[in-house]
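Read through the structure below, which is laid out as structure tokens, and then see the notes.
Numbering (our numbering), first residue to last: 33 to 104.
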């Protein structure tokens, strides 16, 4: 499904004369990175990916009290 969507999106952007997409703040598992990049490359588009800003992730405890306990 994503493959059809992204293919249609790229075709529509090309038809409208849009040559650049600047997509920021994407998670590594986003469908843009897992699908759009490969489809764009297969269609002959130049794709440049680089990290913009990196944020850390933290698995949070289930309760507020457990979270507070991690702060000490």
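Positions of the beta carbon are idealized from the N, C-alpha and C atoms, including for glycine.
Proximity to residue 138 [Cα-Cα], best of 67, 92, 93: The structure shown does not extend to residue 138, since the chain is modelled only from 33 through 104, so no value can be given for it.
Sufficient close CB pairs (3 or more, under 8 Å) joining the stretch 44-51 to the stretch 82-90: no
Residue 78 to residue 91 span [Cα, whole Å]: 36 Å
Spatially closest choice to residue 43 from 72, 33, 60, 95, by CA coordinates: Residue 72 is the option with its Cα nearest to residue 43.
As assigned by DSSP and simplified to three states, the class of residue 102: helix
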